[in-house]
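K.L.:
The structure's right below; bear with me while I get my questions together.
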Ligand code: AQP
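In the UniProt record's numbering, the protein residues as written are 5 to 336.
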């Protein structure tokens, strides 16, 4: 089986709809066909300041949400990044292979550091993509299921894998991004020109899966559309409506063309009311399942412990090869 690896940050508490449709949904599908490794990336989380107690609680919460979304510990390896020390160890080697200019071209860092102010942004935020490179290469992943915003980081991963292999001999699998076109980028409901994101979105434009279903329904009903009345997918000219159609289509498994036909001659109000209902039907059991996992932290922690053990076996093997190739003297 080909291998996939991906991660999600435990920073925001609730996952948002962009995380789910852009990434986690694919993770669930890929565990059926791939040797799948998924992790909660707490090392990435501390690239911006975290309250320790909240970070710990949010790490469990992220794992609970992943299980609630459908990850099955019998079918995939689910673990917490900091439980596998090899991530930080391989990241150091990768740091030393990355050009300063090369790292400076990462757009996510540019955006985030511009928001925080250059003096407040940490060096960890700067090297975030290089830690991500280590995450992926440690598992010799063939594919990395992510949203469009991560494409540049996967490109960097490919470059560094090739660079390492070229300099030291074949060691790492060169991975490919796995990005589904339809859901690669879910947009803010209030500003369909920007991606839905925990930090950039307006509160009304961001759908947090763990919010009260009623509040979620309200946000859908007040989503920004356009002054036209036709319900048609046209990402360029009708980004708001197209975003709603994408969400509706993915959550229900109904094709966009079929939805266009269903709403032919109807107004935006009808579309939004129905989508609000679809969303409530989706988030209600999701919230319940997440709570069930949280209510049983022993089971949750034991799933994560088993996952870490499986992950460590793979990671340790790759790291020892990399150490050897680089020329580190083995400890006797
Ligand atoms: N709007 C989105 N559309 C599609 N995919 C998305 N992803 C995030 N936003 C969208 C994908 O979700 C996965 C996890 O990303 P993350 O760990 O970076 O999660 P996050 O920090 O919650 O993502 P945000 O909201 O985008 O964070 P900020 O505001 O910090 O930039 C990834 O695969 C990502 O592509």
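Ideal placement from N, C-alpha and C gives every residue a C-beta, glycine not left out.
Is there contact here, the segment 174-193 with the segment 238-258, by at least three beta-carbon pairs under 8 Å?
P.N.:
The answer is yes - the segment 238-258 touches the segment 174-193, with three or more Cβ pairs under 8 Å.
K.L.:
Take residue 68 and list the residues in its own chain whose beta-carbon comes closer than 7 Å to its own, dropping the five residues that flank it on each side.
P.N.:
Taken in chain order, the residues that qualify are 294, 297, 298 and 304.
K.L.:
State the CB to CB distance for the pair residue 102 and residue 134, rounded to an integer number of angstroms; the pair is presumed to be in contact (CB under 8 Å).
P.N.:
Indeed they touch by this definition, with Cβ atoms about 5 Å apart.
K.L.:
Quick check on residue 102 - is its C-beta less than 8 Å from some C-beta in chain C?
P.N.:
Of the protein chains in this structure there is only one, and it is not chain C.
K.L.:
Is residue 153 near the ligand AQP, judged by its Cβ being under 7 Å from some heavy atom?
P.N.:
It does: the Cβ of residue 153 is within 7 Å (strictly closer) of some heavy atom of the ligand AQP.
K.L.:
Spatial neighbours of residue 128 within its chain, please: CB distance less than 6 Å, with the 5 preceding and 5 following residues excluded, ordered by chain position.
P.N.:
Around residue 128: 51.
K.L.:
Indicate whether the contact test is met: 3 or more Cβ pairs, each with one atom in the segment 221-228 and one in the segment 271-285, closer than 8 Å.
P.N.:
The segment 221-228, when compared against the segment 271-285, does touch it at the 8 Å Cβ threshold.
K.L.:
Just the C-alpha distance for residue 329 and residue 172, rounded to the nearest angstrom, thanks.
P.N.:
One C-alpha to the other measures close to 6 Å.
K.L.:
By DSSP, does residue 242 sit in helix, in strand, or in coil?
P.N.:
Reduced to three states, the DSSP call for residue 242 is strand.
K.L.:
Is any heavy atom of the ligand AQP found at a distance shorter than 7 Å from the C-beta of residue 12?
P.N.:
True, at least one ligand heavy atom lies under 7 Å from that Cβ.
K.L.:
To which residues of the same chain is residue 96 closer than 7 Å at the C-beta, ignoring the five residues directly before and after it?
P.N.:
For residue 96, where only same-chain residues beyond five positions count, there are no Cβ hits under 7 Å.
K.L.:
For the 8 Å Cβ check, are there 3 or more pairs between the segment 6-15 and the segment 28-43?
P.N.:
Judged by Cβ distances under 8 Å, the segment 6-15 makes contact with the segment 28-43, as three or more pairs qualify.
K.L.:
With contact counted as at least three CB pairs below 8 Å, one residue from each stretch, are the segment 226-242 and the segment 169-185 in contact?
P.N.:
No: the two stretches stay apart, fewer than three of their Cβ pairs being nearer than 8 Å.
K.L.:
So, using beta-carbon positions, are residue 282 and residue 327 closer together than 8 Å?
P.N.:
The answer is no: Cβ separation not under 8 Å.
K.L.:
The ligand MN and residue 201: does any heavy atom of the ligand fall closer than 7 Å to the residue's C-beta?
P.N.:
This structure does not include the ligand MN; its bound ligands are the ligand AQP.
K.L.:
Cβ of residue 94 within 7 Å of any heavy atom in the ligand AQP?
P.N.:
No, the beta carbon of residue 94 sits no closer than 7 Å to any heavy atom of the ligand AQP.
K.L.:
What I want to know is whether the C-beta of residue 44 ends up closer than 7 Å to one or more non-hydrogen atoms of the ligand AQP.
P.N.:
No; taking the cut-off as 7 Å, the Cβ of residue 44 has no heavy atom of the ligand AQP nearer than that.
K.L.:
What's the gap between the Cα of residue 59 and the Cα of residue 28?
P.N.:
Cα to Cα, the separation comes out at about 20 Å.
K.L.:
Just list the alpha helix (DSSP H) runs in the segment 119-204, keeping only unbroken ones of 4 residues or longer that don't cross its boundaries, in chain order.
P.N.:
You should have 127-142 and 155-172.
K.L.:
I'd like the span of the beta strand (DSSP E) that includes residue 306, first residue to last.
P.N.:
Taken as a continuous stretch (DSSP letters only), residue 306 belongs to no beta strand (DSSP E), being part of the alpha helix (DSSP H) at 301-330.
K.L.:
Pop quiz: residue 65 and residue 14 are said to be a contact at Cβ under 8 Å. What is the actual Cβ separation, rounded to whole angstroms?
P.N.:
The pair is a contact, with the Cβ atoms about 7 Å apart (cut-off 8 Å).
K.L.:
According to DSSP, is residue 42 helix, strand or coil?
P.N.:
Correct three-state label for residue 42: strand.
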